[in-house]
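Here this note's numbering is used: the first residue of the sequence shown is 1488, the next is one more, and so on.
Don't be surprised by glycine CBs; every beta carbon is placed ideally from N, CA and C.
Remember, it's a predicted structure, so these values are computed and weren't measured experimentally.
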Amino acid sequence: RRVLFRSTLPFPSHDNLHLVVSSGVTAPLLNVYQRDGDVFGRLPDLPDIPISTTRPAYTPDGNHLIMGVAGSQRLRIYKRNGSVYTTLPNPETLPSSSVNATAIIGDGSLVAFACLSSPYLHVYEISGDTLVKLPSPTDTAGVTRSVAFWPSALYPST
1488 RRVLFRSTLP FPSHDNLHLV VSSGVTAPLL NVYQRDGDVF GRLPDLPDIP ISTTRPAYTP
1548 DGNHLIMGVA GSQRLRIYKR NGSVYTTLPN PETLPSSSVN ATAIIGDGSL VAFACLSSPY
1608 LHVYEISGDT LVKLPSPTDT AGVTRSVAFW PSALYPST
């Protein structure tokens, strides 16, 4: 099994206490490290580690780690409580196809997923531990390869 990232960079939490790193080809496929001063210690393996994922994103409070995954599940949502990660259920409505990118707005209220097929952009409200699907924008130009919020507007990129 191999984790395929669209980016090979490590993925820090906003509080800079946790760091998600891809190991590439050996199990475990995703590693999470917790910082204590200048020392990074590896945490226990994430539950239900996906075999292919897009760049993970932490909510600003650091309580959720969200990413797109390959296959019919489309998403993986983890809740963080200290150094423990728990897999949360997916929302009732999933993105239409594989996810290319994930972005979370600065206040943590929205998450957007860029997708391979129409609708190319999916936006969800983050309500506690639940993602609630909002209407998809209809004016995207096609396959959306990345997405970003800046500072409070949504910018898809084809």
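Query: The beta strand (DSSP E) with Gln1521 in it runs from where to where?; Result: 1517 to 1523
Query: With a threshold of 8 Å, are at least 3 pairs of Cβ atoms found where one atom belongs to the stretch 1584 to 1604 and the other to the stretch 1539 to 1559?; Result: yes
Query: So, are the CB atoms of Arg1522 and Leu1533 less than 7 Å apart?; Result: no
Query: Helix, strand or coil: which one does DSSP assign to Leu1530?; Result: coil
Query: Could you give the distance in angstroms between the alpha-carbon of Gly1555 and the alpha-carbon of Gly1524?; Result: 31 Å
Query: Return the residue from the list Thr1541, His1501, Val1526, Asp1502 that minimises the CA-CA distance to Leu1517.; Result: Thr1541
Query: Can you tell me the Cα-Cα spacing of Ser1539 and Gly1558, whole angstroms?; Result: 9 Å
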